[in-house]
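Protein chains in written order, with this note's numbering: chain L, 129 to 467; chain Y, 864 to 1021. Glycine included, each C-beta is placed from N, C-alpha and C at the ideal position. Notes for the one structure printed next.
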Amino acid sequence: MTEKPKLAMYWSASCGGCEIAVLNIHEKILTVDEVFDIAFFPCIADFKTKDVEAYPDDHITVCLWNGAIRNSEGEEMAHLLRKKSQFMVAFGSCAYEGCIPALSNLTSKEATFDTVYKNNPSIDNPEGFIPTTSVQVPEGELTIPEFYHTVKSLDQVVDVDYYLPGCPPEPHQIWAVLQVIVGALLEGAPLPPKGSIVGVSDVAVCEECDLEKGEKVISRFYRPYEIVPEAGVCLLEQGIVCMGPATRGGCGALCPEVGIGCRGCYGPMPGVEDQGGKMLSAIASVIGAGDETMEDDELEREIQAVVDTIADPAGTFYRFSMAHSLLQRANVNGKGEAA
Amino acid sequence: MSETYEPVIVGFLCNWCSYRAADLAGTARIKYAPNMRSIRVMCSGRVEPQFILKALRNGADGVMIAGCHPGECHYVNGNIKAKRRFVLLKKMLDQLGIEEERVQLLWASASEGIKLAEKVNEMTEALRPLGPLNWDEKVINRNNGYKAAEVLPVLEEA
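Here's what the structure looks like:
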């Protein structure tokens, strides 16, 4: 038998949930092990960067990359693994569109450092030390990666072959995608065209959601802690912001069906560039305030009152897609305030 | 810069009122700022937030949405929908650091050519002091433009 194809999985700005999701395919992981040699997978096996550097180009068949590009280490590794891999897969929401790490694009690097290292109840840092990329110590120079101002998705840094959305991707979808790859490698089956978003459905989460849907006229939105949702009824109808209408399905609507509004982790619908913009449209269309008999002042007041109940529109509508949105980040000064 | 900065405004004008107002302004030979690029849409309710965001990202300094007065919409309440989106969008744009002068909603009926012309003049003048939006340069690529010294107090050597 010829040599086995090589699999790599690497993380940058992410939580590690994607690795767990891969292991969550249960006993099928043994099949993965049968088919592939693991070439690089620091989460589960001991590999070093120099091992990857030593590989010839295109040595790795498939690299599953999870995590957004947050610092210079992520960028460097992305370039390295791109060079060494035949197929680069943006695995999970962070790599695909920035996800939670990219929410910090709504503020600044300095404000982030301030919160993380200085003004935080659990931090004791009277000298106000914050990380710098290099420092001289008696033994020599110590360096750490540079923390970037803006979080990027993987495809904003290197060429990406496939995208597998989800936070994390659902195990059955991961398995389906692995099967396609294995089929292509072992039996020459066709691969999806480059740039495809795989492991998803082409309908909105609402289509997959079994909750009963009627007309939506909302006079007040609720944050999750403010309401106990009625079982079996569409959450958006109850005033809970649910991203279902603007989010691609594939997950099976797991969250709304247990009473938690869809957060939007599978990204925008096919053909949509900006998930947040679409969601904003959907939310605005269910606002039950203002009608054509009102004067402009009254109209504005009534609508504003409902809009005021949505605490954080940017953070809510772009929870997973900030880095990949049209504006990509906020225009803020060093304190994280509007510049 | 010796030349005056000329802001670029993308105007989404509704077919039934505001585009006709612009037509009227033209036929009446009203002089107003040439800064607005008009795009005719069937209704102000057709204007998706994506259109506005895309215009801002791709070089517009401001966006004007103009439609029929409340109660006068050709489609009964398309303009009310536009207003709902607009109010929510304003809140979101504020979080994204986009000044409120940059995105404006205006009601102008087919007979209000003068009003439309005046509003375009006003918006042009309101945008001038803000300077170009230039999102790619000023916001996205600022990472590279940031001077490290400004940002990070250098850790004292131990």
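In this structure, what does DSSP give as the bridge partners for residue i?
i        : result
L:Arg376 : L:Ala332
L:Met137 : L:Leu192
L:Ile325 : L:Tyr291
L:Asp402 : BP columns for L:Asp402 are empty, so no partner.
L:Ser213 : L:Ile188
L:Asp165 : L:Lys134
Y:Cys880 : Its beta-bridge partners do not exist; DSSP assigns none.
Y:Phe875 : Y:Ile902 and Y:Ile928
Y:Trp970 : Y:Gly930
Y:Ala885 : For Y:Ala885, which the question treats as bridged, DSSP gives no partner whatsoever.
L:Glu269 : L:Gln264
L:Glu340 : L:Val361
L:Lys280 : L:Ile197
L:Tyr350 : L:Ile368
L:Gly415 : Just to set this straight, residue 415 of chain L is Ile in the shown sequence, not Gly. Bridge partners of L:Ile415: L:Ile346.
L:Phe219 : L:Leu292
L:Cys146 : Paired residues: none, contrary to the question.
L:Phe275 : L:Asn199
From this set, the options, which residue's C-alpha is nearest residue i's C-alpha?
i        : options                                    : result
L:Ile355 : L:Asn461, L:Leu339, L:Ile368 and L:Thr278  : L:Ile368
Y:Ala888 : Y:Val983, Y:Gly922 and Y:Glu1000           : Y:Val983
L:Asp252 : L:Thr261, L:Thr260 and L:Asp242            : L:Asp242
Y:Val873 : Y:Phe949, Y:Ala945, Y:Phe914 and Y:Ile1003 : Y:Phe914
L:Cys393 : L:Cys227, L:Arg457 and L:Glu385            : L:Cys227
Y:Pro995 : Y:Pro897, Y:Arg920 and Y:Tyr895            : Y:Arg920
L:Met371 : L:Arg348, L:Val217, L:Gln403 and L:Tyr183  : L:Gln403
Y:Asn898 : Y:Cys877, Y:Arg909 and Y:Thr867            : Y:Thr867
Y:Glu964 : Y:Asp999, Y:Arg991, Y:Arg903 and Y:Leu951  : Y:Arg991
L:Leu454 : Y:Glu962, Y:Ala980, Y:Pro912 and Y:Ile977  : Y:Pro912
L:Thr159 : L:Lys132, L:Gly202 and L:Glu340            : L:Lys132
Y:Ser901 : Y:Phe949, Y:Trp879, Y:Cys880 and Y:Phe875  : Y:Phe875
L:Asn296 : L:Cys143, L:Glu204 and L:Ala417            : In the sequence on display, residue 296 of chain L carries Pro and not Asn. When only C-alpha atoms are compared, the closest one is L:Cys143.
Y:His937 : Y:Ile928, Y:Trp998, Y:Val950 and Y:Asn878  : Y:Asn878
L:Asn199 : L:Ala439, L:Ile157 and L:Ala230            : L:Ala230
L:Glu426 : Y:Glu975, Y:Ser974, Y:Lys917 and Y:Lys946  : Y:Lys946
L:Ala466 : L:Thr177, L:Gly145, L:Ala239 and L:Cys146  : L:Ala239
L:Gly327 : L:Arg348, L:Val310, L:Pro299 and L:Gly387  : L:Pro299
L:Arg351 : L:Ile388, L:Val361, L:Ala332 and L:Asp185  : L:Ile388
Y:Ala918 : Y:Ser974, Y:Glu988 and Y:Pro870            : Y:Pro870
L:Gly418 : L:Glu203, L:Trp303, L:Gly316 and L:Val345  : L:Val345
Below 8 Å on the Cβ atoms is my guess for residue i versus residue j; work out the distance and round it to an integer in Å.
i        : j        : result
L:Gly399 : L:Ser329 : With 8 Å as the limit, L:Gly399 and L:Ser329 do not qualify as a contact, their Cβ atoms being about 14 Å apart.
L:Glu225 : L:Ala451 : 6 Å
L:Ala196 : L:Lys134 : Not quite, the Cβ-Cβ distance comes to about 24 Å (not below 8 Å), so this is no contact.
L:Phe215 : L:Asp289 : 5 Å
Y:Trp970 : Y:Gly925 : Contact flag wrong, Cβ pair sits at about 18 Å.
L:Ser236 : L:Gly462 : 6 Å
L:Tyr276 : L:Phe257 : About 20 Å; that fails the 8 Å criterion.
L:Ala167 : L:Ile188 : 5 Å
L:Leu208 : L:Ala136 : 11 Å between Cβ atoms; not a contact.
L:Glu335 : L:Cys362 : 13 Å between Cβ atoms; not a contact.
L:Phe448 : L:Leu408 : With a Cβ gap of about 15 Å, L:Phe448 and L:Leu408 do not count as contacting.
Output, in chain order, the set of chain L residues within a Cβ distance shorter than 7 Å of residue i.
i        : result
Y:Gly960 : Ala458, Asn459, Val460, Ala466 and Ala467
Y:Cys936 : Glu420
Y:Leu916 : Asp402, Gly405, Leu454 and Leu455
Y:Trp998 : Leu455
For a contact defined as C-beta to C-beta under 9 Å, what are the partners of residue i on chain Y?
i        : result
L:Lys406 : Glu911, Pro912 and Gln913
L:Ser413 : Lys944, Arg947 and Arg948
L:Asp424 : His932, Pro933, Lys946 and Trp970
Output, in chain order, the set of chain L residues within a Cβ distance shorter than 8 Å of residue i.
i         : result
Y:Lys954  : Val435, Ile438 and Pro441
Y:Asn827  : Past the edges of chain Y, shown from 864 to 1021, lies residue 827 of chain Y, and the structure says nothing about it.
Y:Asp924  : The contacting residues do not exist; Y:Asp924 stays about 13 Å from chain L at best.
Y:Arg1003 : Note on identity: in this sequence residue 1003 of chain Y is Ile, with Arg being the wrong assignment. The contacting residues are Thr278, Gln456 and Arg457.
Y:Arg965  : The contacting residues do not exist; Y:Arg965 stays about 11 Å from chain L at best.
Which residues in chain Y have a C-beta closer than 8 Å to the C-beta of residue i? List them in chain order.
i        : result
L:Ala136 : Per Cβ cutoff of 8 Å: no residues; L:Ala136 is ~28 Å from chain Y at best.
L:Leu92  : Absent from the structure is residue 92 of chain L, since the part of chain L shown begins at 129 and ends at 467.
Can you list the residues of chain Y that residue i reaches, using a CB-CB cut of under 7 Å?
i        : result
L:Ile431 : Lys946, Arg947 and Val950
L:Ser409 : Glu911, Pro912 and Arg948
For a contact meaning CB atoms closer than 9 Å, what does residue i contact in chain L?
i        : result
Y:Leu919 : Leu454 and Leu455
Y:Asp886 : Ordered by position in chain L, no residue passes the 9 Å Cβ test against Y:Asp886, which lies about 23 Å from the chain.
- Task: Determine which residues of the segment 360-378 of chain L have a Cβ less than 9 Å from any Cβ of chain Y, and write them out in chain order.
- Result: none
- Contact set between the segment 199-214 of chain L and chain Y, restricted to residues whose Cβ is under 9 Å from the partner: none
- Message: By the 7 Å beta-carbon criterion, what residues does the segment 258-287 of chain L contribute toward chain Y?
- Response: Ile258, Thr260, Val263, Gln264, Val265, Tyr276, His277 and Thr278
- the segment 968-996 of chain Y: which residues have C-beta closer than 9 Å to a C-beta of chain L, in chain order? Trp970 and Leu996
- Query: Which residues, in chain order, does the segment 228-254 of chain L contribute to contact with chain Y at a C-beta distance below 9 Å?
  - Reply: Leu234, Ser236, Lys237, Glu238 and Phe241
- Interface positions of the segment 156-176 of chain L facing chain Y (Cβ-Cβ less than 9 Å), listed along the chain: none
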